[in-house]
Each structure stands twice: as structure tokens, then as C-alpha cells.
Amino acid sequence: MLPAVIVGLMLVSLTCGENPAVQVILTNKGLQYGKHVGAGWIQEKLESVTFPDISGKLRIGILGNVHYTLTGARITKCDFPEPSVEFYQSATGFKTSVSGLSVALTGEWRAHYGPIHSGGTFNMAVFNVAVTSVVKLGNDTNRHLSVSSVHCDAGVGGVNIQFHGGSSWIIEKVVDHYKGRIAGDIRDGICPKVQESIAILEQHLQAMNVSFNVNQVVTLDLPLTGLPVVDASSLNLGLKGEFYSIKAPAEPPFQAKPFTVPEQPGRMLSVGLSEFTLNSASFGYFSAGVLQAVINDSMIPKFSPVHLNTSSMGPYVPQLPKMFPGLLVSLQVYAREVPLFSFLPGAVCLDLKGAVKAFAIQPNGTQTPLFKLNVDSLFSGKVWIADGRLKGSMKLNNLTVTLVSSEVGTVKTDAIQNILLKVSSIAMAKVNQILGKGVSLPRMKQAELVNTVLELDKGFIAVSSDAQVLMSD
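Numbering of the sequence shown is given in UniProt numbering, commencing with residue 1 and proceeding in unit increments.
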């Protein structure tokens, strides 16, 4: 039970070199809420806790050694006081303390002294148990979060045992003289179990993945970038937060810049995300060669005034219907550079430099190059959180079309630019309808975010929130 108390509280506490692109901050408010939830969870689980057998021997005059075993112990009552958990700077971790814990147990006893064997049931009360544990946080060679026990101290105020059945009157009288020793045995067994449980937690942490395939194109790396930072009021974990192309992994031509998430002591948890993370995703998709598409006339709505054939495109490319009469046209659209996001106070910007290659589709299926355009666009948008949903809006700030090359004479880029602006305006209206409805904030299996706020600043976005544990789940 006592190891479960300590380890349970540590688990609640955690559920919180290179510059990190992602920062996760657990505040003291979050730590204390976690302590409260963890203590309640442990209290509920105590009824199902089983205990290892307690065995020993006692010297009884002419009878010699009496060997005893207490087995099948289970809790019948527990006085579980509010534990204390605090950030512990000197050890870069947590200090957890429980004092005044008292437990009533029942179980079976067996004893033998010489040829005599006896047994029955027992009731035990353990009074005023106190445990203090200090857990250090670090990172291992693979940059997983690591935990280790650096201090443990335990005390037992007293033990009272009543035996029933068999020769209980003999062993009970003897045990009365050895209560201090039994209390000492219980005390001495607490910290090794606590340390064993911390070691098991460490094994689980080392087995956790720090790299995840998002889809078939990119993977996300989230190892620690350095040691956890602990002060009197918070824990800060810095994570790499970088996307890579699975087929062509490479470092992008830019680096994560340092940033500082504003303090939000009134919230339990804060997560800061650098623009580097989004840009590394762009670089990953760009490196994988997936930021491109082929558009043909079958994709154009029938009501559109312009279709992808040489006749319809005549007003924009006058020589096209004469040189290639009655042919369909296909467009290869692609990003010619990595699309780059930038975070500014109150706004998100996207600089997209694209290109379009036009081809005439010959009757035999071959494609004849017609012209190439550069299409550069700059978008800006806003994001916010309302009614438990992430919402947003965006607009096209600028769009420029320039001719790179042509095999068919004049290309009226101004006219093409105007029609693209009209199409973009219609598209933006539909996009903003979707963004205005928003998406629900992510919910974990047994917790949801509440009182969530979002802040956009230069180079990063920060989300701060409280959490509500859903015990019924």
C-alpha cells in the first residue's frame, strides 16, 4: 500500500543542448490538483491492495524459536491524510510526504515452534506511518525522461496485533514484547518497496517511444533537449518537436529559436509550440515530394467560366487555341520552396511560393509543355479558443503571378492573377466557415482540458489550461 501511495503521487506529479521547439510546463496548481486526484484514486484502490507475507521468528525461552507468518493481509480501514507534494529544486524533482497514515488490516497467521503447528486469523493496526520520498528527474542517453530515488525515509509510530484461533494466546503474549521489532520490520520494508516501484516506473519511461510516425510521409521526434528544469513553482520539459520525412530524413535549413512561454500560475499546464515545429513539418512534406498535384478538366466544376482546354484558355493565352486546337490542358501545381509559417503577436502568417506548369494533352496521351508560372501568395490568420473548441480565420493578403517561360507566346498574367483572386476569395469564404466552427480540443482518455486560453507571440504559440480528471471513465 505505502509504495503505491508514493509511486501514485509521483505519477501524478510527472503528468505534467539544442533549443526546444516544444515546451511543457507543469505549474504548482497542476501539481496540487494532481496530488488531490491521486490521493483520491489511491484511497479508492486501497481496498483491493494485497500485501506480501510477513515472516519472522521470535525467541521464547524453553520453546526456542517461534517461526510465524502473517499472510493474506487486506485493508479493512484506512485513515489516509492529505499528502504533500512539492517541486524540489535541490534534486531537480519532487518531494512527496505522507504522515499520520494509519491502517487496519486483517489476515491469517501461521506459527510453529518445535513440533507444534498452529494458526488462525489476526487483526493488525499500524499507527502513524510517515514516509518521505525525493525523486530526481533527468534524461538518459536516448533523451527519455528518467526518474530515480535519491532519498527515502519511513517511520512507524506503533503496531497493535490481535490473534485469534489455535494457540493464539501464546503467540499473542510473546508478540506483545516484540511490537517494536515488528514495527521496525514494517518500517524497514517501506523504502525498498518505494525504490523498487520507482525503478519499475523508470523502466516504463525508458520503453516509451519518443518518435512517432504521423502518417506514411512524416515522423515526429519528441525527445528531451536537455535536463528538466525545476523551480519552486513549476516543472519545465523542453522537447525537440521536429518533423522529418520518412523517406528522405534531413535537417531543415533553419533552426529552432529560443522562446519563453509566459508564466500562467493560474493554470495547471502550459504548452508552447515554436513556429519551427510547423516549418519542419513543411520541410518534411516538401522533401518527400508530396506538395504537388495535377489538375485536369474533370476536377473543374461544370459551372466554372474557365475550363482546362485550349479553347477556354484562349483569352489568357491568345496563341494557344491556334497552336493546339481542341486539346485538353493539365496543370502541374507544386511548391517550389518550403512553405514557411511565422507566428506574430495575434497572427499566423504563411508564405507560399508555388509554381504552375501547363501541358497540352495530345490525342496519343503525350503532354506538350505550354508555359510555366510562378504563383506567390501570402496568407494571414488568427486562431483562438472558445466554447472548448479551437477556432480560426484566414485571409489572402497578397497573390502575385509571374511568367517564367512560355512555348506559346504571350501569357496574360494580369488576367490569370485576377481570376485566381476571385477563386481564392470564394475558397477563403468556405474555409472560414469551417474554421469558424472549429474543432474540439483534444481529450485524453481520462481527462479533458478546461479554462483553456491561447496566446500568439513572436515565434511561438502558447496554450495554457486547467485539466479535469474524469474518474468515471
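Just so it is clear, CB atoms sit at the ideal spot from N, CA and C, and this is done for glycine as well. Note that the structure is predicted; figures quoted are calculated from it, not measured.
Collapsing the DSSP output to three states places A250 in coil. By the CB criterion at 9 angstroms, P192 and S233 fall outside the cutoff.
In terms of CA proximity to T400, L373 leads the group L373, W384, S280, Q433. Annotation: the continuous alpha helix (DSSP H) that includes M428 extends over 413-437. Contact between the stretch 124-139 and the stretch 150-166 is present, with at least three C-beta pairs closer than 8 angstroms. Cβ contact annotation for V453 (same chain, cutoff 8 angstroms, sequence separation greater than five): Q264, R267, I385, V463, S464, S465, in chain order.
Sorting A355, G326, A73, P249 by C-alpha distance to the C-alpha of V294 places A355 at the top.
The DSSP assignment places complete beta strand (DSSP E) segments of no fewer than 3 residues inside the stretch 346-419 at 347-361, 367-386, 389-406, in order along the chain. If you draw a 10 Å sphere on the C-beta of T260, you find fewer than 16 other C-beta atoms in it, and that means exposed.
For L224, no alpha helix (DSSP H) run applies, since DSSP gives it neither H nor E.
Distance between D79 and V37, taken at the CA atoms: about 17 angstroms. Beta bridge pairing from DSSP links W109 with L70, G120. By the Cβ neighbour-count rule, S146 is buried, with 16 or more other Cβ atoms within 10 Å of its own. With a cut-off of 8 angstroms on Cβ pairs, the stretch 320-333 is in contact with the stretch 281-300, counting three or more such pairs. Residue environment: R187 is assigned as buried (16 or more neighbouring CB atoms within 10 Å of its CB, all protein chains considered). Secondary-structure assignment with DSSP links N139 through a beta bridge to L145. In terms of Cα proximity to L101, the closest of P305, V129, W109, S393 is V129. Rounded to the nearest angstrom, the gap between the Cα atoms of L328 and G365 is 10 angstroms. Restricted to the stretch 227-285, the beta strand (DSSP E) segments that are unbroken, complete and at least 3 residues in length are 234-239, 242-245, 269-274, listed in chain order. For F343, DSSP records a beta bridge to V348. Note: H164 is bridge-paired with T121 in the DSSP secondary-structure output. Restricting attention to H144, L378, G388, A199, the CA atom closest to the CA of S440 is found in G388.
When the five nearest sequence neighbours on each side are left out, the beta carbons in the same chain lying within less than 8 angstroms of the beta carbon of V22 are those of L222, G238, L239, K240, G241, V271, G272, L273, S274, T277, in order along the chain.
Looking only at T71, G56, A73, G72, the smallest Cα-Cα distance to N65 is reached by G56. Rounded to whole angstroms, the gap between the alpha carbons of K257 and W41 is 41 angstroms. CA-to-CA, the gap between G120 and F127 works out to about 23 angstroms. Taking each of T27, E18, N397 in turn and checking the Cα distance to F87, the smallest one comes out for T27. A91: not part of any beta strand (DSSP E); DSSP gives it neither H nor E. Around the beta carbon of L31, 16 or more other beta carbons lie within 10 angstroms, which makes this residue buried.
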